[in-house]
Amino acid sequence: MSADDAATPDDTALSEGHREAFLDVYETRSPRAQHQLDLFADQWTSKVPILGEETISGPRDDLFHDERIQWGLEALGPITGMTVLELGPLEGAHTTLLEERGAGQVVAVEAHRQAFLRCLVVKNLLGLRAHFELGDFVGHLREYETTWDLCVATGVLYHLHDPLELIALLGQRARRVLLWTHYWDDDVMARRPDVAERFDEVEPVQRHGLSATYHRYGYGTGVNDPTFCGGSRTHARWMERNDILDGLAAVGFERIDTGFDDPFWPHGPALCVAAARPDAVSRHPQPRTRARRWREGQRGPEVEAPWKQAARRLTWLTRRRGSPTRPPEPPAAP
Ligand SMILES: C[S@@+](CC[C@H](N)C(=O)[O-])C[C@H]1O[C@@H](n2cnc3c(N)ncnc32)[C@H](O)[C@@H]1O
C-alpha cells in the first residue's frame, strides 16, 4: 500500500455520507487568505484588505479606514502606546486602525460567537497583536477593575438593554472614550416613520446615579439575517442625545467633543463623541506597528511577515499550555 493510500480512508468501509463529511473537513488546495475568509462565506460585513491577493469578504470597504475613528483620534490626540479596550469589534476593522495608530495594547470584547471567530481570522491574516475576548463587554467592565487609557465604543450603546450602565462603567474604567451611537430625537423620528416604527415603549429611568429617557427598540426579524450584528437580546434601548452627553459629563468626562452629528443618518440619528477625563494625558509618539509597515509594503529584513509572527506566538502559547482567559494587565497608569 502506498503512503497516499494509507492516508485515504478505505472507501468501501465508509458510507457515502461519511465519505463526503470526511473530505469536507480538509482544505486540500494550497493555502490562501481566501480559504480563511470562506470559513464565513456570506457572513462578512467588512471588506478585509489583503495585501497581494484578490479576495472576497464583505461589502463595507469603509470600516478599515473609518473616518469616524480617524476623527475621534484627531480629537483625542495621539494614542501611541496606550492601553485600549474596544467594545464589540465585529470583525476587527477598528482594531486594525487602532494598532495602525500605535495603540500599545488593544483588548477587544465581542459577544457574537461567529463575529469573534471572524476577528481571529482577521487577526491572523493581518498580523494583529490585539487580544480578542469572547463575551459580554458590560460584564467585562463590571468584573475587571482595570483603568484603560482609551475605551472605543462605536456602534454599541444603542444595542444595550441598559445603556446608562455602560456610561457609568466608562466613567470608572476609561480615561478617554470614543463613541459612535444612534440616539432618539422626537422631531427627527416624526419625519422618519420607517425608523420610528421599530420603537414601542418610552421609559424615564434613574439608574447608576444617572437619569435618562429610554426608547425601547425591537430588532424584529432582523436577528435572522446571517450578517446581524446588534445586541444579544431581542430589544435594546436608545437614549436621547443630551442624556448621553449629560451622562458622560456626570461620570467625570470633561473635554467632550462631538462630530459626525447627523440626525438623518440612514438608520436613525447618530453622532460621534470623543471625551476625556481631566487626568487624561498624551504620551510620546512611537514608531508604527510591524503590521502596518508590513501592509504598507515596507518589507525590509527587519520587518517580519505577520504569519511568521503568528507562528512564533502560537509556539510560545503552546509551550505555555493554554492561553489566558483573563486579558493581560495593561501597564501602570501614567
Ligand atoms: C453594530 S456592530 C459595531 C461594530 C464596530 N464596533 C463598528 O463600529 O463598526 C456591534 C458589535 O457589538 C457586538 N456586541 C453587541 N452587544 C455586545 C455586548 N454586550 N458585548 C459584546 N459585544 C457586543 C455585536 O456582536 C457587534 O459585533
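Using the numbering used here, the final residue of the sequence shown is 336, and nothing's skipped along the way. Glycine included, C-beta positions come from ideal geometry on N, C-alpha and C.
Extent of the continuous alpha helix (DSSP H) to which residue i belongs
i, result
"glutamine 174", "165 to 175"
"isoleucine 71", "69 to 78"
"phenylalanine 246", "The sequence as given places isoleucine at residue 246; phenylalanine does not occur at that position. Counting along the chain, the alpha helix (DSSP H) containing isoleucine 246 begins and ends at 243 to 252."
"histidine 37", "35 to 40"
"arginine 115", "115 to 128"
"valine 140", "139 to 145"
Rounded C-alpha distance that separates residue i from residue j
i, j, result
"leucine 136", "phenylalanine 262", "30 Å"
"threonine 97", "glycine 232", "18 Å"
"cysteine 153", "leucine 128", "22 Å"
"leucine 319", "methionine 241", "Since pLDDT at leucine 319 reaches only 44, below the 50 mark, its modelled position is unreliable, and the value read off the structure follows with that caveat. When rounded, the distance between both Cα atoms is 42 Å."
"alanine 77", "glutamine 107", "20 Å"
"threonine 327", "glutamate 112", "Bear in mind that a pLDDT of 41 at threonine 327, under 50, signals an unreliable position, so the number given afterwards is only what the model happens to contain. Going by the C-alpha atoms only, they are around 14 Å apart."
"threonine 340", "arginine 31", "Residue 340 lies beyond the range of the chain shown here (3 to 336); nothing can be said about it."
"glycine 141", "glycine 90", "13 Å"
"threonine 291", "proline 280", "Only weak support is given to the placement of threonine 291: the predicted model assigns it a pLDDT of 49, under 50, and the value that follows is read from those uncertain coordinates. Each residue's Cα considered, the two are about 28 Å apart."
"arginine 243", "glutamate 256", "17 Å"
"proline 303", "isoleucine 52", "With a pLDDT of only 40 at proline 303, under the threshold of 50, the placement of this residue in the model should not be trusted; the figure read from the coordinates follows. Looking at the two C-alpha atoms, the distance is approximately 21 Å."
"leucine 99", "alanine 43", "24 Å"
"glutamate 69", "leucine 212", "31 Å"
"glutamate 203", "tyrosine 146", "33 Å"
"valine 109", "leucine 143", "12 Å"
"threonine 260", "valine 275", "5 Å"
"arginine 301", "alanine 95", "Because the pLDDT of arginine 301 is 42, which lies under 50, any placement of that residue in the model is unreliable, and the number read from its coordinates should be weighed accordingly. Looking at the two C-alpha atoms, the distance is approximately 22 Å."
"aspartate 248", "aspartate 40", "44 Å"
"proline 289", "glycine 104", "Model confidence at proline 289 stands at a pLDDT of 44, short of 50, so the residue's coordinates are unreliable; what they give is reported in the following sentence. Answer to the nearest angstrom: the Cα atoms are 7 Å apart."
"tryptophan 150", "glycine 224", "33 Å"
"glutamine 208", "tyrosine 216", "10 Å"
"glycine 157", "arginine 131", "23 Å"
"glycine 222", "tyrosine 160", "15 Å"
"alanine 35", "leucine 92", "19 Å"
"tyrosine 28", "valine 123", "17 Å"
"aspartate 64", "arginine 178", "24 Å"
"phenylalanine 201", "glycine 270", "12 Å"
"leucine 75", "isoleucine 258", "13 Å"
"histidine 163", "asparagine 126", "33 Å"
"threonine 2", "proline 61", "Since the first residue of the chain shown is 3 and the last is 336, residue 2 is not available in this structure."
"isoleucine 246", "alanine 278", "15 Å"
"tryptophan 182", "alanine 214", "18 Å"
"glutamate 199", "arginine 21", "50 Å"
Strand pairing of residue i, partner residues [DSSP]
i, result
"serine 234", "DSSP lists no partner for serine 234."
"tyrosine 219", "Phe201, Ala238"
"alanine 272", "His184, Asp264"
"threonine 85", "Gln107"
"alanine 278", "Arg178, Arg257"
"alanine 43", "Paired residues: none, contrary to the question."
"leucine 152", "Val86"
"serine 59", "For serine 59, which the question treats as bridged, DSSP gives no partner whatsoever."
"leucine 214", "Before going further, note that residue 214 is alanine rather than leucine in the sequence given. According to DSSP, which records beta bridges pairwise, alanine 214 is partnered with Val207."
"serine 48", "Arg62"
"glutamate 93", "Looking at the DSSP assignment, glutamate 93 forms no beta bridge with any residue, so it has no partner."
"glutamate 112", "Leu136"
First through last residue of the beta strand (DSSP E) which encompasses residue i
i, result
"histidine 210", "No beta strand (DSSP E) contains histidine 210, which DSSP labels as neither H nor E."
"glycine 19", "Not the beta strand (DSSP E): glycine 19 falls in the alpha helix (DSSP H), residues 18 to 26."
"histidine 133", "133 to 136"
"phenylalanine 262", "257 to 264"
"valine 158", "Here valine 158 belongs to no beta strand (DSSP E), and DSSP marks it neither H nor E."
"alanine 105", "Taken as a continuous stretch (DSSP letters only), alanine 105 belongs to no beta strand (DSSP E), as it is neither H nor E."
"alanine 192", "Here alanine 192 belongs to no beta strand (DSSP E); instead the alpha helix (DSSP H) covers 188 to 193."
Cβ of residue i within 8 Å of any chain B Cβ
i, result
"glycine 94", "Chain labels in this structure do not include chain B; a single protein chain is all it has."
- Is it a yes or a no for the stretch 191 to 200 touching the stretch 225 to 239, going by three-plus beta-carbon pairs under 8 Å? no
- Message: Taking contact to mean 3 or more Cβ pairs, one atom from each stretch, closer than 8 Å, check whether the stretch 169 to 179 and the stretch 242 to 259 are in contact.
- Response: yes
- Task: Report yes or no: do three or more beta-carbon pairs, one from the stretch 114 to 123 and one from the stretch 78 to 88, lie closer than 8 Å?
- Result: Fewer than three beta-carbon pairs drawn from the stretch 114 to 123 and the stretch 78 to 88 are found closer than 8 Å, and the two stretches are therefore not classed as touching.
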